[in-house]
Amino acid sequence: MKWVLLASAMGALLAWAPAQAPHSIGVRFVDVTAAAGIRFKHDNAASAEKYLIETMGSGAAWLDFDNDGYMDLYLVNSATTKAYTPPQPLHSVLYRNNGDGTFSDVTGKAAVGAEGLFGMGAAVGDFDNDGLPDLYIAGYGRSILYHNNGDGTFTDITARAAVANTGKWGSSAAWFDYDRDGWLDLVVVNYLDFTPEKNAVCEYQGQRGYCHPNRYPRQTATLYHNNHDGTFSDVSRASKIGMKPGNGLGVVCFDFDGDGWPDVFVANDSMANFLYRNRGNGTFEEVALQSGVALSEDGRAEAGMGVDAADFDGDGRLDLFVTHLDLEFNRLYRNLRDGSFEDASFHARLGYSTYRFSGFGTRFLDFDNDGWRDLFIANGHVLDNVTRYHAGTTYAEPKTVYRNLGGTFRDVTQELGPDLLEPRVSRAAAVADFDNDGDLDILITNNGQAPQLLRNDGGNRKHWLQVRLIGTRSNRDGVGAAVKITAGGRAQFDQMKGGSSYQSAHDPRIHFGLGDTVKVDAIEVKWPSGTVDHLTNVAADRVVTIKEGSGEIESRYPPLRTR
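For the sequence shown, the working numbering begins at 17 and goes up steadily by one.
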């Protein structure tokens, strides 16, 4: 995190940014949080001691825990600290999607409150291949694994499963099958070795504030191998993922080099990022520097926060996007198809316009269904009192949305409605089609504030297709599968990734915008097992469920019921 701000430099750089004329997109993001019945408010446990954990959370996850075809929502909360006692006991919250645009709090019945856990990120995956999504909550000092019982309840099996990540500050986590044995493994990226006893006193122009992360020792990531019996083994050191200490905040698991093995990218705060190349033998090689994603284009370590991977330019390989704090450009790394990346931030017109805000959660999403992956960023500073000593910089910041114009981007935030512009201290950004209407909605968590559910109104004017995967030889979620569709004379590519954004889990259905095309000519799914499925002449505007080795199977994804 870059805490010393250079306001004059920021102003000079922003003066170079060309003005953009407004265009009519026909899409608005509308804040429906209150109307949807979401009453949760995050408690950041803020105190005069300025524990760094206070300003870094927290996460959110979309999951269809009851398999009724509607995405439900989990929101992570904090807990009591030595410096803060909340007015009432804190817990995280599970909201069941009622299918009519509203949600009901089922936390008590489901037994997923995570009481006493200072929670951070959330990850969703069917680790036991029983067809039910399970839930992992990364937290400060320990983490929790909830097993889905299939009756609307969960069981805390952390101790039995041996995935507590004890003594570490788990920030984000991701499920992925690194050894392609058909069972999901778990990677947890850890931030700092912080304790109240180690809390440093840091001042900025006479004002006490949260300390720079480099004041604290770094921590290594944790990799848990799935033993196929409900337990896991810590293979962090054996796999070499746990060999290099870092300031890990964001993680995404995807196959960057096209060799069929899932790799791991870790966004590190104020130090070089990590890119772990999967060697296919149970070990990883850290290759971020030689691959061009460790540092900025001019060789500087930056404050890596959120991350996502997608094919923004339509060349068939997944590229990387990493968010940073203000006065550091967010970075778009273009995949060169030879195991390396180039910094394409300015070529894609994502340079100067990202300089003003502190980015956390981020996601590539085709919000207007035109067939190109757009980009969303949730912003919010880390210093709650920054305005006292840096005029023009605020703790709460607006969101930003960039429309993909075919490989270059344009900031269209102001054209998508006023709710995106409301300043918040945003952290996680989790994307889902919560109302099953064919366009993508966004849930943003806000530190010490209520979340925002931004419904996409108008994105479904164009056609779309969502792909749901069911593995048989591969892990049941299909994580690691590569999906290619051909429609309207062009191909689109994606992978079923693990992780991405910041402390977030997304709708598992892979979404493709189709523009004016009403039919998908072909779908190809390459599964981690090596199985390849082909479908042809697939009608648009629906969810297609593909079972490994069987092709399309009948599934029920109901539309939103009349409110």
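Ideal Cβ placement from N, Cα and C applies to all residues, glycine included.
Kindly indicate which residue of the options has the alpha-carbon position closest to the one of residue i.
i: Glu-193; options: Leu-459, Thr-118, Glu-70, Asn-297; result: Correcting the residue identity first, residue 193 is Asp in this sequence and not Glu. Of the candidates Leu-459, Thr-118, Glu-70, Asn-297, the one whose C-alpha sits nearest the C-alpha of Asp-193 is Asn-297.
i: Ala-364; options: Gly-222, Thr-424, Val-428, Asp-331; result: Thr-424
i: Val-534; options: Gln-519, Pro-575, His-479; result: His-479
i: Asn-230; options: Ala-317, Thr-502, Tyr-518; result: Ala-317
i: Asp-273; options: Met-287, Asp-329, Ser-356; result: Ser-356
i: Arg-347; options: Arg-333, Gly-330, Gly-320; result: Gly-320
i: Leu-242; options: Asn-215, Cys-218, Leu-200; result: A small fix is needed here, since residue 242 is Asn in this sequence, not Leu. Comparing Cα-Cα distances from Asn-242 to each of Asn-215, Cys-218, Leu-200, the minimum goes to Leu-200.
i: His-244; options: Asp-197, Phe-290, Val-268, Asn-263; result: Asp-197
i: Asn-263; options: Gly-330, Lys-184, Val-217, Gly-567; result: Lys-184
i: Lys-513; options: Asp-116, Phe-281, Asn-463; result: Phe-281
i: Ala-503; options: His-522, Gly-494, Val-536, Gly-496; result: Val-536
i: Tyr-207; options: Thr-416, Arg-176, Asp-285; result: Asp-285
i: Lys-66; options: Asp-80, Ala-76, Ala-99, Asn-93; result: Ala-99
i: Asp-327; options: Glu-564, Asp-271, Leu-311; result: Asp-271
i: Thr-547; options: Ala-126, Val-499, Phe-450; result: Val-499
i: Asp-382; options: Asp-455, Asp-279, Arg-295, Arg-489; result: Asp-455
i: Asp-82; options: Ala-61, Ser-252, Pro-467, Asn-114; result: Asn-114
i: Ala-190; options: Ala-64, Arg-112, Met-259, Ala-77; result: Ala-77
i: Ala-304; options: Leu-291, Gly-315, Gly-422; result: Leu-291
i: Asp-250; options: Thr-182, Gln-468, Ala-288, Trp-277; result: Thr-182
i: Ala-51; options: Thr-299, Asp-116, Asp-59, Lys-125; result: Asp-116
i: Gly-496; options: Arg-379, Asp-279, Ala-177; result: Asp-279
i: Ala-444; options: Tyr-349, Gln-465, Thr-123, Gln-430; result: Gln-465
i: Glu-301; options: Met-287, Gly-315, Met-259; result: Met-259
i: Phe-56; options: Val-46, Leu-110, Asp-80, Pro-102; result: Leu-110
i: Tyr-418; options: Asp-384, Arg-253, Gly-396; result: Asp-384
i: Ile-539; options: Val-217, Gly-73, Val-122, Leu-485; result: Leu-485
i: Pro-102; options: Asp-88, Asp-314, Ala-126, His-58; result: His-58
Report the CB separation of residue i from residue j in whole angstroms; it is logged as a contact under 8 Å.
i: Pro-575; j: Asp-457; result: Pro-575 to Asp-457, Cβ: 14 Å. No contact.
i: Gly-367; j: Thr-339; result: Actually they are not in contact, since the Cβ atoms of Gly-367 and Thr-339 sit about 14 Å apart, beyond 8 Å.
i: Gly-399; j: Tyr-232; result: A quick correction: the sequence has Leu, not Gly, at residue 399. So it is not a contact: roughly 16 Å between Cβ atoms.
i: Thr-236; j: Pro-261; result: 5 Å
i: Gly-446; j: Leu-436; result: Gly is not the amino acid found at residue 446; the sequence shown has Ala there. Contact flag wrong, Cβ pair sits at about 16 Å.
i: Ser-188; j: Tyr-518; result: 6 Å
i: Glu-131; j: His-107; result: 5 Å
i: Asp-342; j: Arg-372; result: 6 Å
i: Asn-462; j: Arg-440; result: 4 Å
i: Thr-416; j: Asp-427; result: 6 Å
i: Gly-515; j: Val-268; result: 5 Å
i: Asn-401; j: Gln-223; result: 6 Å
i: Asn-420; j: Asp-449; result: The Cβ separation is near 19 Å, so there is no contact.
i: Gln-468; j: Thr-49; result: 6 Å
i: Ser-63; j: Thr-97; result: 7 Å
i: His-527; j: Gln-482; result: 5 Å
i: Phe-337; j: Asp-324; result: 5 Å
i: Phe-376; j: Asn-351; result: Incorrect: roughly 23 Å between the Cβ atoms, too far for contact.
i: Gly-474; j: Trp-543; result: Contact flag wrong, Cβ pair sits at about 35 Å.
i: Ser-490; j: Ser-545; result: 5 Å
i: Val-43; j: Leu-432; result: 6 Å
i: Phe-134; j: Gly-155; result: 5 Å
i: Gly-147; j: Arg-492; result: 6 Å
i: Gly-266; j: Ala-283; result: 4 Å
In or out: residue i buried (at least 16 other Cβ within 10 Å) or exposed?
i: Arg-525; result: buried
i: Val-560; result: buried
i: Leu-530; result: buried
i: Leu-202; result: buried
i: His-550; result: exposed
i: Arg-471; result: buried
i: Ser-120; result: exposed
i: Ser-566; result: exposed
i: Ala-37; result: Residue placement at Ala-37 is poorly supported in this model, since its pLDDT is 38, which falls under 50; the coordinates still yield a value, given next. Exposed, because fewer than 16 other Cβ atoms sit within 10 Å of the Cβ of Ala-37.
i: Arg-558; result: exposed
i: Trp-32; result: Confidence is the limiting factor: at Trp-32 the pLDDT is only 29, short of 50, which leaves the residue's position unreliable, though a coordinate-based value still follows. The residue is exposed, with fewer than 16 neighbouring Cβ atoms inside 10 Å.
i: Asp-353; result: Checking the displayed sequence, the identity of residue 353 turns out to be Arg instead of Asp. By the 10 Å Cβ count, Arg-353 comes out exposed.
i: Asp-167; result: exposed
i: Pro-34; result: Summary for Pro-34: the model assigns pLDDT 34, below 50, so the residue's position carries little reliability, and this model does not support an answer.
i: Asn-553; result: exposed
i: Pro-434; result: exposed
i: Glu-438; result: exposed
i: Ile-569; result: exposed
Compare the C-beta of residue i against all C-beta atoms of chain C and say whether one is closer than 8 Å.
i: Glu-213; result: Of the protein chains in the structure, only one exists, and it is not chain C.
Run through the segment 339–414 for me and flag every whole beta strand (DSSP E) of 3 or more residues, listed as ranges in chain order. Within the segment 339–414, the complete beta strand (DSSP E) runs of at least 3 residues are 347–351, 357–359, 375–381, 390–395.
Quick one: complete beta strand (DSSP E) runs, 3+ long, within the segment 113–186? 119–121, 134–141, 150–156, 160–164, 170–172
Three-pair Cβ contact test at 8 Å for the segment 137–151 versus the segment 160–179: yes
Complete runs of the beta strand (DSSP E) confined to the segment 216–293 [at least 3 residues]: Runs of beta strand (DSSP E) with 3 or more residues, each lying fully within the segment 216–293, are found at 218–220, 223–225, 238–242, 248–250, 264–270, 279–284, listed in chain order.
Pairs of beta-carbons, one from the segment 85–105 and one from the segment 132–139, closer than 8 Å: are there three or more? yes
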